[in-house]
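Engineer: In my numbering, the protein residues as written are -2 to 163. Each residue gets a CB set at the ideal place from its N, CA and C atoms; glycine is no exception. Every value quoted in this text rests on a predicted model; they were computed, and no experiment measured them.
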Amino acid sequence: MLNIVLLEPEIPANTGNIGRTCVAAGARLHLIEPMGFRISQKEVKRAGLDYWDKLDVTVYDSYPDFLEKNPGAKIYMATTKARHTYADVSYEEDAYIMFGKESAGIPEEILVEHEDTSIRIPMFGEIRSLNLSNSVAIVLYEALRQHDFSNLNQAGELHRLSWNEG
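1. Which term fits Thr76, buried or exposed, when burial requires 16 or more other beta carbons within 10 angstroms of its beta carbon?
2. Counting pairs of Cβ atoms below 8 Å between the region 54 to 69 and the region 124 to 131, do you hit three or more?
3. Which runs of the beta strand (DSSP E) fall wholly inside the region 102 to 161 and span at least 3 residues, in chain order?
4. Is Arg17 helix, strand or coil by DSSP?
5. Of the residues Ile29, Gly23, Arg142 and Asn11, which one's Cα is nearest the Cα of Tyr57?
6. Thinking just about the alpha-carbon of each residue, which of Arg125, Ile116, Asp91 and Leu158 is nearest to the one in Ser147?
7. What are the uninterrupted segments assigned as alpha helix (DSSP H) that are 4 or more residues long and contained completely in the region 64 to 100, given in chain order?
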C-alpha cells in the first residue's frame, strides 16, 4: 500500500481533499504535527466529504516521531528543488511520498538527507508550486500507474445508460 505523508500541513481543505484522494487510491495518509488546524475541523471533513471515516490516517507528534514509528521506510520527498522528476523514479508498492507544508515545503535540512529520493513536478515559467492536493494526486497516480493500478476498480460504468459492446 502506498503512503502519502504531509509534513505540517496548514490548510484544512487541502488535507481533506488529499484524504479523499487517498481513499480513492487505496493509500494511507500520514499527518505530521504541528498542523495549522485540528483534524476534527469541519473544513477537513467537508473537503473529504463522506469518505473521511474510510481513511487510513495516522497522526505523528513530529518528524522524528514519524521516522521512529516507520523505520526503514523508503521516503520520496516531493519538492520544487529536486533534480529528479516524479516520473524518473520507480516507486515501491509500500513507498512513502512526503509533501511539505503549503507555505514553505519540506525544510532543506531534511531534503539534503534524501537527495536521491527527492522528486519534483516540472512546471512552466515562473510558477513556484502547484496546489498541494493537486501535487499529491499527480505523484500518487503516477506511482499507481507504475503498478498497473493494481487493486483499483478500472471498470467505468455509466449510471443510467450502458456503453456499446463494440
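Structural biologist: Let's see:
1. Buried, because 16 or more other Cβ atoms sit within 10 Å of the Cβ of Thr76.
2. Touching, no, given that fewer than three Cβ pairs across the two stretches are closer than 8 Å.
3. Uninterrupted beta strand (DSSP E) stretches at least 3 residues long and entirely within the region 102 to 161 occur at 115 to 117, given in chain order.
4. Helix at Arg17.
5. From the listed residues Ile29, Gly23, Arg142 and Asn11, the smallest Cα separation to Tyr57 is found for Ile29.
6. Distances from the alpha-carbon of Ser147 to those of Arg125, Ile116, Asp91 and Leu158 put Asp91 closest.
7. If we require 4 residues or more, the region 64 to 100 turns out to have no alpha helix (DSSP H) run fully inside it.
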